[in-house]
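Reading through the structure tokens given below for one structure.
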Amino acid sequence: MPAPISTPPLRPLRKSPPGEAQVWLTALGLTLGVTMVVGLLVLILVRGLVVFWPQHVTEFTLREGAASAIQGKTNVAGEVVRTQWRRDGGGEEVQLHIGNKDIYGFNFHWLQSLDIVSRHQPADIIAIERLEYGDAFGRPLALVSTDADPLPATDPAFRTRLTAAVQAAASVRHQITQIEKHDIGRINRQMTSLARAQKSTPQPDFPALQAALQAEYETLAARARDLRATLSTPSLQYKSPTGDEKSVTAGEIVRFYFPNELGLTGRIGIFFDRLWEFFSEEPREANTEGGIFPAIFGTFVMTVLMSLLVTPLGVIAAIYLREYASQGVIVRTVRICVNNLAGVPSIVFGVFGLGFFVYVLGSRVDQTFFASSLPTPTFGTGGILWASLTLALMTLPVVIVATEEALSAVPRGVREAALACGASKWQMIQRVVLPSAAPGVLTGVILAMARGAGEVAPLMLVGVVKLAPSLPIDGLFPFIHPERKFMHLGFHIYDLGFQSPDSEAAKPMVFATTLLLIGLVVLMNLTAILIRNHLRRKYAASTF
Amino acid sequence: MPAPVPERFLVSKSTLRFDRLMTFVIRFGGIAIVLAVFGMCLFILLEVIPLFKSAKVEAVSTVPLSSSSEKKSLPKIFGLDEWSLLPFTYDGQNTVRFIDRTGAAPTTEHSVDLPAGAAVTAWRYHPGDQKIVLGTSDGQVGSFTVSYETDVDAAGQRTVTGSIEMGSFYPLGTPGQPISDVDFGGSGEDQLFAATQTTPDRIELHALLLKQKRTLMGSGEVEEIGRIDLTSQLKGRPTRLLVPRTGDAVVVATTARTVEYFFREDDTLSLRQEFSPMDGAAGGSGEIASMDFVFGDVSLVFTSPTGAMRLWSLNVPPGSDQRVFVYTKDFDVLPAGATLFAASQRNKSFLTGSQATVTLRHATTTVTRWEEKLPFTPTSVAVDGKFEHAGFLDDQGILHLYEIHDPHPEAGVPAFFHRVWYEGAARPDFVWQSTSGNDEFEPKLSLVPLIFGTLKGTLWAMFFAVPIALLAAVYTAHFLPADIKRIVKPAMEIMASLPSVVLGFLAALWLAPLLENRVPSVLLCVIGIPAAAMLTGWIWSRQTARVRSRLRPGLEWLAFVPILIGTVALFWNLGPSLERAVFDGDFRQWWPKTTGTSFDQRNSLVVGFMMGFAVIPIIFTISEDALAAVPPSLTAASAALGASRWQTVSTVVLPVASAGIFSALMVGLGRAVGETMIVVMATGNTPIMEWNLFNGMRTLAANIAVELPEAPVDSTHYRTLFLGALVLFGLTFILNTIAELLRQHLREKFKLV
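Which chain is which? The protein sequence lines are X and F, in order.
Just so we're on the same page, my numbering is the position in the first sequence counted from 1, plus 23.
Just so we're on the same page, my numbering is the position in the second sequence counted from 1, plus 2.
Spelled out as structure tokens, the structure:
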């Protein structure tokens, strides 16, 4: 690295050295680049984290007959999303997240500042996050249950009782999910495999087996029904800011809080609670609510599968090119080509993945092993295995190039020393060259993983879906399901931002998902860079 | 002296064996992996090749159609079922025969119930709905339909049975006079019979308009609307007449070398157009030897007696509001006027020929897909509904069945890369429109708009990215202190791996709405920011050395941050004033009004900005490497000679590193060309060809991502998308190879220095 050029004035000059203005112009380039990068990261960080932070709910009183009133009511409340000047000079306008989609039919509303008489943040407003229709804002009236008198909201025990009811309902919901997804899912699978076996080789005891499974299913379904029935009580009655009285059962409530009287600790608590929900739950409401656990898990499994495939292949190819092949024109050409493949658009790899893996390999596999379930394809359609293979092919050049670089950085003296001690060529590679090249290989693999984790375009062709009913790895035999479609963080962003029916409502989730994805990619890259720097220092010291 | 112990130097057998094994594994594995990677290109290429193959037509079998007793009289009409298993013949009188192609099943006969005392004098076969239109000796017109039923038994064996279904007969024209030619059109409400009738002194042309009532129960009674005598409007004697399947027109060729086009409007037929289709054809005087519809009944193929062949299509010429026939295409010349014609019912191909020479052509591309001189003399030809078989009837009454293998007739170099005059279009053009709801739709597969879109997006992105990236690289490589560079460089490298879906989402949901209202502000910023930088630099260089020495050289960029933010804030807020002063208060309306091109929210400006963002780190990293690799001896020498830091950079560093910078541009270009998600998300994906900054585009990559999941495997559309991928692959591969060679060149150069 050359030292930066500076021209220190030997004696005080009246005139500056020529070209200072141009230097400032080049400084502009760096400033712009750095500002844009930092600005982008800050934008995503802020908008991604704000999603989880409980906002204040502001109640507005509007003037009589205001055009921006909802249903002609003079009261409206919600979280202020943003305030902006109108283009036509008609004052300010305020965008509110008003919730209560079941009442109004929309989630967001613009208020004209000219219509606003007063605004305040009343302490008694409750924010209810529901399983359906998103959030609700209003004033609690009472907790109504079938076996006791209604408990009015003014009662001191109201909040504890409501909290207890919501927690009880959450555990019941958990049990129902267990039964429906896990137990009934298992029976379904057994039934399908039984039916398939029956198709190929009829068994005499088939009806009996089927009846047994059916009976088991009936008991489980009945239990789920009973549990579900307990969710309908108690229910919370509340009054929306515009005056409609509604009620919501405790089973429908995910979380509730009083946004305007919440202290800092309460807010932090809800922040982390929501963050945890985001990481651990499945999506709800067309992916705009709930969590993104399946997407995180899908991305993780795909990336791991991909790196398991790409690492040995890339390392073997690199060892061959660097250690075994005779270094001539052909190998040099191959090297340039491999290098260039790293610059080939990812969508081209997707095209190949679809055309070859899915339609050629996949349909062969289906014809050979899954003929009984044809024409429904098993491997003949996109799936996590094909997606991983496609991305492995795409990142192969990255790993080859990085490994070759690492191999060539191993000093010649070390190799000769090993050979002189009587090691065979493979022993030399295995015991001396590979260990010292390992960090370099690792760098390549991490870079490949970062690229694979963030790539979306090829995945759209080979098996990513907006909502996967089941995970690619679960507790059911054979535990790993390489044929299953999967969810992916990057595709989740695309889908939420573009295919969502209510893109305004989806925005917070998109920003949160983006933050997570960028965090992952940056983290992986940082690791790779740190390893590389460490490596450079090590080799800089040990050259002969 | 003790003897050496040779065993000491021996390597154990297992080590050697293992070494040999690993050598084999790695050699084999390495070569296999490298080959597999290149196999990818080969696979894509193999998927594409069938698009450019011409048709294969091969004889499969012969079937005698005439029974031995009537060897001499050829069937008047013959046709094929969908699978070409059970051809039928119509003898021109009362008999329809279904003849098993293999001879396994006996020939079945069905009789045609003609009106009493009538003999058939004219006939016409419509393969699309398998309707046979008849004209009788006593001036009546009518039709019957041949229908096939297909059964597939448990073993997958297909059996086809045929039957006929009679339609009604209607009197037309002068009673008692024989009909000499007849045609029928219409499947829905409007139906139309047209016929020529030979009376003792002349040939008359009559049309019968019918209307089928629609009821809730389905199609109901057919009502006669009117009979029209069109004879007086003809220039010459009618030689051939056609009615399109829509039943809304009559097209008549005459001996006067003209064609009259009558159009049905308000339940009457009026002459809409008269034209001479073969006027000026080489070697002829404009006579019309044949006239036939191509599939869709919108285009007419004409031949002259000398064999010249032309296509006339219905479209709305500029300055008119009526669809009329316009001369659009020429085909290769036939030996003589066409005597055979059969249009495919799947695409715009048709089989035609004169004498023994038959040829398969595609109407849209005018390409001759296949041509051969047959060893017999065909008298008529038919193509089955799946465009898989063609049957030629020779003069001995023998049907020669040929298999047609032409899965991609609409493909080929002209379709992908030349202007094509599609039916209904006012002029030849590059069009990409791969799918549509309707059946007779013809896919338009020009890659040119996609390549154009790719270049447009790339160029706007480079326009934005190159200055920033290069300036930043120059500054980082030669003016920035090493300790800061250690942080800035990796930070920019990380940006290179930012997922493009993130950039695309930001472009579409954050940037596009933001920029939509602020175009004048953006324009001001583009001009204002560099100006502000130059001005600051100029003011700074005017200061005394005391002032200047307060700022450590290499920290200018930090000092610039507040200036930049101030400038942007200023111009951002000045934008609306400029908009009011210059752009009539609203740029979004001013732009279309002034330039005549559209203004979209998701436009090239947004794409250029975000895609620029994606390529800045790449160009920056590679060119910074090249700039920093300039040997210190050169810069030191320059400084020693008294050059200022800018003089050193501009006269020594930049020329030496120029190859490396160029290679950085190539790699950046390659990334921008293949960028998919940003374009999918941030443009409207409309395949238009305009350089307009304020509308969208459709790039090759985005097109693949959007359309490939829906394309049926191995269809023309699917393969065309593979071709798009191949073009993309080639483009980026070439760009990257140039870059790589330049980098190597640079390395050699520095070795010498």
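Beta carbons: idealized from backbone N, C-alpha and C, even for Gly.
Because the structure is a prediction, the values reported are computed rather than measured.
**Q.** DSSP three-state assignment for Ala564(X), whether helix, strand or coil
**A.** By one-based count along the first sequence, residue 564(X) stands at place 541. Caution is warranted here: a pLDDT of 48 is assigned to Ala564(X), below 50, making its placement in the model unreliable, and the coordinate value is therefore given only provisionally. Of the three classes helix, strand and coil, the one that applies to Ala564(X) here is helix, per DSSP.
Q | Val122(F) classed as buried or exposed, judged by whether at least 16 other C-beta atoms fall within 10 angstroms | A | Within the second sequence, numbered from 1, the residue matching residue 122(F) stands at position 120. Flag for Val122(F) reads buried.
Q) For Asn98(X), which of helix, strand or coil comes out of DSSP? A) By one-based count along the first sequence, residue 98(X) stands at place 75. Correct three-state label for Asn98(X): strand.
Q: Please state if the CB of Gly101(X) and the CB of Ser23(X) are separated by a distance shorter than 9 Å.
A: No information on residue 23(X) is available, as it lies outside the stretch 24 to 567 that chain X covers here.
Q. Once you ignore the five residues that flank Ser396(X) on each side, which residues in its own chain have a CB closer than 7 Å to its CB?
A. Here residue 396(X) refers to the residue found at position 373 of the first sequence. Closer than 7 Å at Cβ, skipping near neighbours: Arg219.
(Q) Going by DSSP in three states, Pro175(X) sits in which element: helix, strand or coil? (A) In the first sequence, the residue the question calls residue 175(X) occupies position 152. Pro175(X) falls in the strand class under three-state DSSP.
Q. DSSP state of Ser292(F), grouped into three classes?
A. The residue given as residue 292(F) occupies position 290 in the second sequence. Residue state, collapsed to three classes: strand.
Q) Is Leu384(X) near the ligand GTP, with its Cβ less than 8 Å from a heavy atom? A) In the structure on display, the ligand GTP does not appear, and there are no ligands present to speak of.
**Q.** Beta-carbon proximity list for Ala564(X), same chain, < 7 Å, skipping 5 on both sides
**A.** For the purposes of this step, residue 564(X) is taken as the residue at position 541 of the first sequence. Low per-residue confidence applies at Ala564(X): pLDDT is 48, beneath 50, and the placement is therefore not dependable enough to give any value.
Q: In angstroms with no decimal places, state the Cα-to-Cα distance between Val114(F) and Leu48(F).
A: Numbered from 1 along the second sequence, position 112 holds the residue referred to as residue 114(F). Numbered from 1 along the second sequence, position 46 holds the residue referred to as residue 48(F). Looking at the two C-alpha atoms, the distance is approximately 52 Å.
Q | Selection of the region 464-490 of chain X by Cβ proximity to chain F, strictly under 9 Å | A | Leu470, Ala473, Arg474, Ala476, Gly477, Glu478, Val479, Ala480, Pro481, Met483, Leu484
Q. In the region 468-552 of chain F, which residue ranges form an unbroken alpha helix (DSSP H) of at least 4 residues, counting only runs that do not cross its ends?
A. 484-498, 502-508, 514-518, 521-544, 547-550
Q: Determine whether the Cβ of Ile319(X) lies closer than 9 Å to any Cβ atom of chain F.
A: If you number the first sequence from 1, residue 319(X) lands on position 296. With 9 Å as the cut-off, Ile319(X) does not count as an interface residue toward chain F.
Q. Whose Cβ in chain F lies nearer than 7 Å to the Cβ of Pro225(X)?
A. Numbered from 1 along the first sequence, position 202 holds the residue referred to as residue 225(X). Here the premise fails: no neighbours, minimum Cβ distance about 17 Å.
Q) In three-state DSSP terms, what is Ser436(F)? A) As a working note, residue 436(F) is residue 434 in the second sequence. It is coil, neither helix nor strand.
Q: Round the Cβ separation of Val488(X) and Met510(X) to the nearest angstrom and send it over; I've been treating them as touching at under 8 Å.
A: Taking the first sequence and counting its residues from 1, the one referred to as residue 488(X) is at position 465. Taking the first sequence and counting its residues from 1, the one referred to as residue 510(X) is at position 487. Yes, they are in contact, since the Cβ atoms of Val488(X) and Met510(X) sit about 7 Å apart, within 8 Å.
Q: Mind checking who Gly187(F) pairs with in its DSSP beta bridge?
A: As a first step, residue 187(F) must be located in the second sequence, where it is residue number 185. Paired residues: Leu194(F).
Q. Counting contacts by CB-CB distance shorter than 9 Å, is Asp602(F) in contact with chain X?
A. Along the second sequence, read from residue 1 onward, the residue named residue 602(F) stands at position 600. Asp602(F) does not count as touching chain X.
(Q) Can you list, in chain order, the residues of its chain with a C-beta nearer than 7 Å to that of Leu66(X)? Leave out the 5 residues immediately preceding and following it. (A) Here the question's residue 66(X) lines up with position 43 in the first sequence. Here the set comprises nothing.
**Q.** chain X within 9 Å of Gly662(F), Cβ atoms only
**A.** Reading the second sequence from its first residue, position 660 is the one you call residue 662(F). False, the Cβ-Cβ gap to chain X never drops below 9 Å.
**Q.** Identified DSSP bridge partners for Glu267(F)
**A.** Translated into the one-based positions of the second sequence, residue 267(F) becomes position 265. Bridge partners of Glu267(F): Thr270(F).
Q: Reducing DSSP to helix, strand and coil, say where Val755(F) ends up.
A: The sequence position of residue 755(F) within the second sequence is 753, counting from 1. With a pLDDT of only 48 at Val755(F), under 50, the local geometry of the prediction cannot be trusted, and no value is derived from it.
Q.
Let me confirm a value: Trp648(F) is counted as buried when at least 16 other C-beta atoms fall within 10 Å, else exposed. Which label applies?
A. As a working mapping, residue 648(F) is identified with position 646 in the second sequence. Under a 10 Å Cβ-count criterion, Trp648(F) is classified as buried, with 16 or more other Cβ atoms of the shown protein chains found around its own Cβ.
Q. For Ala118(F), does the count of other Cβ atoms within 10 angstroms reach 16, so buried, or fall short, so exposed?
A. As a first step, residue 118(F) is located in the second sequence; it is residue number 116 there, counting from the start. Label assigned to Ala118(F): exposed.
Q. So, using beta-carbon positions, are His120(X) and Val104(X) closer together than 9 Å?
A. Residue mapping note: residue 120(X) aligns to position 97 of the first sequence, counting from 1. Residue mapping note: residue 104(X) aligns to position 81 of the first sequence, counting from 1. For His120(X) and Val104(X), yes; Cβs fall inside 9 Å.
Q.
Going by C-alpha to C-alpha distance, which of Arg721(F), Leu210(F), Phe731(F) sits closest to Phe54(F)?
A. Taking the second sequence and counting its residues from 1, one reaches residue 54(F) at position 52. It is Arg721(F) whose Cα lies nearest to the Cα of Phe54(F).
(Q) By the three-class DSSP mapping on this structure, what secondary structure does Ile740(F) have? (A) One-based indexing of the second sequence puts residue 740(F) at position 738. Looking at Ile740(F) - three-state DSSP - the assignment turns out to be helix.
Q. Are the Cβ atoms of Lys663(F) and Leu636(F) separated by less than 9 Å?
A. Walking along the second sequence from the start, residue 663(F) turns up at place 661. Walking along the second sequence from the start, residue 636(F) turns up at place 634. Note that residue 663(F) is Ile in the sequence shown, not Lys. Not a contact, by the Cβ cut-off of 9 Å.
Q) How would you call Asn548(X), buried or exposed, if buried means at least 16 neighbouring beta carbons within 10 angstroms? A) For the purposes of this step, residue 548(X) is identified with residue 525 of the first sequence, where counting begins at 1. Buried, because 16 or more other Cβ atoms sit within 10 Å of the Cβ of Asn548(X).
Q.
Using a Cβ distance threshold of 8 Å, determine whether the region 301-316 of chain F contacts the region 324-334 of chain F, with at least three qualifying pairs required.
A. yes
Q.
In the DSSP output, which residue or residues are listed as bridge partners for Asn317(F)?
A. Residue mapping note: residue 317(F) aligns to position 315 of the second sequence, counting from 1. Bridge partners of Asn317(F): Val326(F).
Q) If you measure from the beta carbon of Glu43(X) to each beta carbon in chain F, is any gap under 9 Å? A) Against the first sequence, residue 43(X) aligns to sequence position 20. Yes, contact with chain F.
Q.
Which same chain residues end up closer than 7 Å to Gly477(X) when comparing Cβ atoms and leaving out the 5 residues on each side of it in sequence?
A. In the first sequence, the residue the question calls residue 477(X) occupies position 454. If we look at Gly477(X) and ignore the five residues flanking it on each side, its Cβ neighbours are Gly513, Leu540, Val544.
Q | Sub-9 Å separation of Phe277(F) and Leu271(F) beta-carbons | A | As a position in the second sequence, residue 277(F) is number 275, starting the count at 1. As a position in the second sequence, residue 271(F) is number 269, starting the count at 1. Not a contact, by the Cβ cut-off of 9 Å.
**Q.** Where Thr58(X) meets chain F, residues with beta-carbon distance less than 7 Å
**A.** Position 35 of the first sequence holds residue 58(X). Result: Val563, Leu566.
Q. Using Cβ-Cβ distances below 8 Å, what residues of the region 305-336 of chain F are close to chain X?
A. none
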